[in-house]
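I have placed the structure first, in the form of structure tokens, so that the comments after it can refer back to it.
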Amino acid sequence: MTGIREPIARRSTSFARSALAALILAAAALWQTPAISAEEAVVIPPPAMDEKPAAGTAKAIFAGGCFWGVQGVFQHVKGVTRAVSGYAGGDKDTAVYETVGTGRTGHAEAVEITYEPTKVTYGQLLQVYFSVAHNPTQLNYQGPDRGPQYRSTIFAENDAQKKIAESYIAQLDKAKVFPEPIVTTLETGKTFYPAEDYHQDFLTLNPTYPYIVYNDLPKVENLKTLFPDLYSDKPVLVLAANKS
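Under my numbering, the residue at position 88 of the sequence shown is numbered 79, and the numbers go up by one with no gaps.
Right under this line is the structure:
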């Protein structure tokens, strides 16, 4: 109980305007089908370069602002078997929410995605990441969240992922699908550290929390609308898997 009060209080203080708008929506019972959102989705083409589907599972690590929403989106993607909120970019000793929040650890709030390449490819995950999970043109912030811990970063697991991501960013910039250049960075050789339990499955467990209503539920709705073939109504939850 004590642990969850701190991040909620901190975000609530910073997001007064978002909370006000969300409360209005909640009062009208519109949170189930969000009509407005902090960030609009962008329709983008699929990547010209992608991995070849292979048996087994693979991992992808994306950072794009608060991990609540990024995790919530990818938990609804078919072929994703696990999506964990956590930290990447810094050391193990500083992979703690309050410390990461200082913006001085090198960490970004990130999500580690385990997926089956025969059902969803790395390129398709990138398309969801750039299109609905976050805004890749915002440097060291995302919506109301400010600081390098909220940066847009792809933590490539190998050279193949790095090449696919680099190619896709160049492709999207050339096509000018966004009003501003993409500022997403690529980092390699970084370790992912899972976040505290109270951050896991936050979107699913707190669907009426104002920050989630305004900033994140619309992302899930956009995923359903723009990627119907990839959308899964039932999310893959971290805590449920831990208990099984």
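We put the CB at the ideal spot given by N, CA and C, even for glycine.
Going by alpha carbons, who is nearest to residue i out of the options?
i: residue 187; options: 124, 96, 111, 59; result: 59
i: residue 178; options: 171, 152, 108; result: 152
i: residue 242; options: 79, 163, 41, 180; result: The requested residue 242 does not occur in the structure, where the chain is confined to residues -8 to 235.
i: residue 211; options: 102, 96, 119; result: 119
i: residue 39; options: 230, 161, 223, 194; result: 161
i: residue 157; options: 182, 137, 224, 113; result: 113
i: residue 230; options: 199, 147, 185, 82; result: 185
i: residue 223; options: 62, 67, 63; result: 67
i: residue 131; options: 218, 176, 88, 164; result: 176
i: residue 89; options: 61, 163, 140, 121; result: 140
i: residue 190; options: 165, 71, 77; result: 77
To the nearest angstrom, how far is the alpha carbon of residue i from that of residue j?
i: residue 20; j: residue 73; result: Here the model assigns residue 20 a pLDDT of 34, short of 50, so the residue's position is not dependable, and the following value carries that caveat. C-alpha separation (whole angstroms): 30 Å.
i: residue 206; j: residue 227; result: 20 Å
i: residue 106; j: residue 69; result: 9 Å
i: residue 50; j: residue 93; result: 28 Å
i: residue 138; j: residue 91; result: 10 Å
i: residue 194; j: residue 167; result: 31 Å
i: residue 134; j: residue 197; result: 19 Å
i: residue 96; j: residue 42; result: 32 Å
i: residue 24; j: residue 203; result: Model confidence at residue 24 stands at a pLDDT of 37, short of 50, so the residue's coordinates are unreliable and nothing is read from them.
i: residue 37; j: residue 213; result: 16 Å
i: residue 154; j: residue 144; result: 14 Å
i: residue 225; j: residue 61; result: 16 Å
i: residue 165; j: residue 201; result: 37 Å
i: residue 71; j: residue 129; result: 26 Å
i: residue 52; j: residue 136; result: 20 Å
i: residue 199; j: residue 159; result: 35 Å
Using the rule of at least 16 other Cβ atoms within 10 Å of the residue's Cβ for burial, across every protein chain shown, is residue i buried or exposed?
i: residue 232; result: exposed
i: residue 34; result: exposed
i: residue 150; result: exposed
i: residue 142; result: buried
i: residue 47; result: exposed
i: residue 192; result: buried
i: residue 26; result: Confidence at residue 26 is low in this model, with a pLDDT of 36, below 50, so its placement is unreliable and no value can be given for it.
i: residue 31; result: exposed
i: residue 216; result: exposed
i: residue 81; result: buried
i: residue 147; result: buried
i: residue 220; result: exposed
i: residue 209; result: buried
i: residue 84; result: exposed
i: residue 109; result: exposed
i: residue 8; result: Reliability of the predicted coordinates at residue 8 is poor, the pLDDT of 45 falling under 50, and the value obtained from them is presented with this limitation in mind. Per the 10 Å Cβ criterion, exposed.
i: residue 180; result: exposed
i: residue 172; result: exposed
i: residue 44; result: exposed
i: residue 13; result: Caution applies to residue 13, whose pLDDT of 43 falls short of 50 and renders its modelled position unreliable; the value that the coordinates give is listed next. Label assigned to residue 13: buried.
Am I right that residue i and residue j are in contact with their C-beta atoms under 8 Å? What's the rounded C-beta distance?
i: residue 102; j: residue 75; result: 7 Å
i: residue 54; j: residue 99; result: 4 Å
i: residue 174; j: residue 123; result: In fact, because the Cβ distance is near 18 Å, the residues do not count as touching under 8 Å.
i: residue 252; j: residue 127; result: Residue 252 cannot be examined here, being either before or after the span of the chain that is shown, -8 to 235.
i: residue 104; j: residue 117; result: About 11 Å; that fails the 8 Å criterion.
i: residue 163; j: residue 121; result: 7 Å
Mind pulling the beta strand (DSSP E) runs of 3 or more residues that sit fully within the segment 94 to 150? 99 to 106, 143 to 147
**Message:** For a minimum of 3 consecutive residues, which ranges assigned as the beta strand (DSSP E) are wholly contained in the segment 45 to 83?
**Reply:** 49 to 55, 71 to 79
Next item on the list: Could I get the ranges of all uninterrupted alpha helix (DSSP H) runs contained in the segment 177 to 227, with 4 residues as the minimum, in chain order?
Entry: 193 to 196, 208 to 217
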